[in-house]
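Take 3 as the starting number for the sequence shown in this note's numbering and just add one per residue.
Even glycine gets a Cβ: it sits at the ideal position worked out from N, Cα and C.
Only one structure is covered here, and it is reproduced in the block below.
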Amino acid sequence: MNCTGSVLRNYCMKCHKFYDAEYVFNSTGIPKCECGGIVKPDVVLYEEMLDEDTLENSIIAISKADMLIVAGTSLTVYPASGLINYFKGRNLVLINKDATPYDNIADLVINETLGKVFKEVNIWKKN
Ligand SMILES: [Zn+2]
Numbered sequence: 003m004n005c006t007g008s009v010l011r012n013y014c015m016k017c018h019k020f021y022d023a024e025y026v027f028n029s030t031g032i033p034k035c036e037c038g039g040i041v042k043p044d045v046v047l048y049e050e051m052l053d054e055d056t057l058e059n060s061i062i063a064i065s066k067a068d069m070l071i072v073a074g075t076s077l078t079v080y081p082a083s084g085l086i087n088y089f090k091g092r093n094l095v096l097i098n099k100d101a102t103p104y105d106n107i108a109d110l111v112i113n114e115t116l117g118k119v120f121k122e123v124n125i126w127k128k129n
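As structure tokens, this is what we get:
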């Protein structure tokens, strides 16, 4: 698998020790820390707040991106709704079950659930 730990960071919810992506991929079931805590990916999960650094890095990444894929958000809730405005690239792709207010400016709109789309494109499948 071609994965870099710098992109996918994971940390223990108890002792905050960091683990690389490989550790999480290779664990069966919920990845656990040696202290017994749950190892959680350092990505934004549903209903969690973005911290300022994450938000700032997202803005930098989005404003430099040539292509932006926004998946699984109706784009009506802050901060996701604000972030899309920083995109200056060519290809905007929206994947969401329902229509979003940005559908008319997107280059590609897929009104499907995330699970179904990712299954179709085999995005996680190894060759
Ligand atoms: Zn721990």
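Straight-line Cα distance separating residue j from residue i
{"i": "A101", "j": "N59", "result": "27 Å"}
{"i": "F89", "j": "L57", "result": "14 Å"}
{"i": "Y21", "j": "M15", "result": "11 Å"}
{"i": "E54", "j": "A63", "result": "14 Å"}
{"i": "H18", "j": "G117", "result": "30 Å"}
Near ligand 1: residue i beta-carbon under 8 Å from a heavy atom
{"i": "E36", "result": "yes"}
{"i": "K42", "result": "no"}
Assigned secondary structure, residue i (DSSP; H/G/I helix, E/B strand, else coil)
{"i": "I64", "result": "helix"}
{"i": "L96", "result": "strand"}
{"i": "A108", "result": "coil"}
Neighbourhood of residue i by C-beta, 7 Å cutoff - its chain only, sequence neighbours within 5 removed
{"i": "P103", "result": "L77, T78"}
Cβ neighbours of residue i in the same chain (closer than 8 Å, five flanking residues each side left out)
{"i": "V26", "result": "L10, N12, P33, V41, P43"}
Meets three-Cβ-pair contact criterion under 8 Å: the segment 108 to 122 and the segment 88 to 99: yes
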